[in-house]
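Okay, so here's the structure we're looking at.
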Amino acid sequence: MDAVFLIARILFALIFALSALGHLTKAADMAGYASYKGAPGGKFGVIATGVAMGIGSIMILLGIYGDLGALLIAATLIPISFFMHAFWKESDAQSKQTEQVSFNKNVGLMGGALGLFLLFAVTGTDLGLTITDSLIHLS
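Numbering (my numbering), first residue to last: 141 to 279.
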């Protein structure tokens with residue numbers, strides 16, 4: 141089970157690590173798009189979400205307070221979903237569909253992050269291959 145849990149963490153964290161890299165290396169371009177979509181914060185918001193995704197993905201991947209890393213990812217996805225993928229604001233059918241798919245994907249990823257939070261919080265280091273125990277312990 142240790143290996144399966146590690147593989148799951150790698151696969152889940154990878155999408156956020158790559159997204160963080162994009163946010164941090166293309167912050168100016170992404171800030172323009174974020175402003176167009178009505179997201180607050182401009183370049184600072186792009187960098188902040190990139191840092192949050194990067195830190196959260198590392199925490200999950202390495203098992204360093206993975207419970208908090210999972211909560212950080214879930215919390216970061218909330219404003220991203222509602223500002224960047226507000227499909228209900230789109231008038232063009234194709235844009236509406238594209239944004240709805242992205243919004244739904246983010247909702248699913250939030251669910252996955254919350255599931256990971258629960259797994260870390262309930263099992264602690266029992267599943268192995270983590271650097272630290274969970275900060276939050278649930279039973």
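Just so you know, even glycine gets a beta-carbon here, dropped at the ideal spot from N, CA and C.
Just to confirm before moving on: does the CB-CB distance between residue i and residue j stay below 7 angstroms?
i: F260; j: D207; result: yes
i: L217; j: L249; result: yes
i: I213; j: F156; result: yes
Going by C-alpha to C-alpha distance, which of the options sits closest to residue i?
i: K229; options: G178, N244 and I198; result: G178
i: G162; options: V144, V186 and Q240; result: V186
i: N244; options: F222, V262 and L269; result: F222
i: R149; options: A215, N246, H277 and S197; result: S197
Whole angstroms is fine: what's the gap from residue i's alpha carbon to residue j's?
i: T265; j: G251; result: 22 angstroms
i: S175; j: L267; result: 42 angstroms
i: D142; j: G172; result: 42 angstroms
i: L202; j: A210; result: 12 angstroms
i: I200; j: F257; result: 9 angstroms
i: M224; j: T165; result: 19 angstroms
i: K236; j: T272; result: 42 angstroms
i: A226; j: L146; result: 33 angstroms
i: A160; j: S279; result: 32 angstroms
i: L269; j: L154; result: 17 angstroms
i: A233; j: T263; result: 45 angstroms
i: H277; j: S231; result: 46 angstroms
i: D169; j: V247; result: 25 angstroms
i: A215; j: F184; result: 17 angstroms
i: T167; j: V144; result: One point to set straight first is that residue 167 is Ala, not Thr, in the sequence displayed. Distance between the alpha carbons of A167 and V144 is about 34 angstroms.
How many whole angstroms separate the CB atoms of residue i and residue j, which I take to be in contact at a CB cut-off of 8 angstroms?
i: G182; j: A188; result: At roughly 10 angstroms, the Cβ-Cβ gap does not stay under 8 angstroms, so G182 and A188 are not in contact.
i: Y205; j: L158; result: Their Cβ separation, rounded to whole angstroms, is 22 angstroms, which puts Y205 and L158 out of contact at 8 angstroms.
Can you find a CB in chain C that lies within less than 7 angstroms of the CB of residue i?
i: G194; result: Given the protein chain composition of this structure (a single chain), no chain C is represented.
Within the chosen definition, does the region 188 to 199 reach the region 234 to 241 through at least 3 CB pairs nearer than 8 angstroms?
no
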